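Position 14, counted from 1, in the sequence shown is what the working numbering calls 698; the numbers after and before it change by one each time, with no gaps.
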Amino acid sequence: MAKVGVVGDLDSVIGFRALGMDVRAVRGGDEARDALTQLIKEGAAIIFLTEPLASSVQDIMDEVAEKMLPAVILIPSAGAATSIGRDRLRQSVRRATGMDILKQKLERSTETENE
């Protein structure tokens, strides 16, 4: 079975351990870099990363984005939602299809959330 890892603050990632995922609780960008690098070296196929840590590891994410594996997927952290994950999904779909097919759907979703 393919290895699945999760990197983020303890409150956001602890529940993933019950699902059998390799959980790496970190306290900041440096620890996130180390955890992400280690999961890649260990051959993780999917790595979930909390959104607030994305800017700390952007160079690593850009590097692995050019490869089939691992897939680094941004998830919101407990109590803090940003649109980073949504924006990256939109970019990936646009790159794969050549069109921005999620634009209207995501904009409508954002408007509904703000009401």
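Where is the CB? At the ideal position from N, CA and C, for every residue including glycine.
Predicted model only: the values in this text are computed from it and were never measured.
Cβ distance (whole Å) where residue i is taken to contact residue j below 8 angstroms
i	j	result
SER740	ASP693	Rounded, the Cβ-Cβ distance is 12 angstroms, inconsistent with contact.
ARG708	GLY689	6 angstroms
LEU753	ALA729	5 angstroms
ILE698	ALA738	The Cβ separation is near 20 angstroms, so there is no contact.
VAL784	ARG778	A small fix is needed here, since residue 784 is Asp in this sequence, not Val. So it is a contact: roughly 5 angstroms between Cβ atoms.
LEU703	GLU735	About 19 angstroms; that fails the 8 angstroms criterion.
Close-in-space but distant-in-sequence residues of the same chain around residue i (CB under 7 angstroms, 5 per side omitted)
i	result
VAL756	ILE731, LEU733, MET745 and VAL748
SER696	THR734, SER761 and ALA762
Neighbourhood of residue i by C-beta, 8 angstroms cutoff - its chain only, sequence neighbours within 5 removed
i	result
MET705	VAL688, GLY689, VAL690 and PHE732
ARG717	SER740, VAL741 and ILE744
GLY713	LEU737, SER739, SER740 and VAL741
ILE724	ILE731, ILE744, VAL748 and PRO754
LYS751	none
Residue i to residue j span [Cα, whole Å]
i	j	result
GLN775	GLN742	15 angstroms
THR721	ARG701	19 angstroms
GLU715	GLY782	36 angstroms
MET685	LYS787	35 angstroms
For residue i, the residue or residues it bridges with in DSSP
i	result
ARG708	VAL691
As an exercise, report each continuous beta strand (DSSP E) stretch of at least 3 residues that is fully enclosed by the region 699-776, in chain order.
706-709, 730-734 and 755-759
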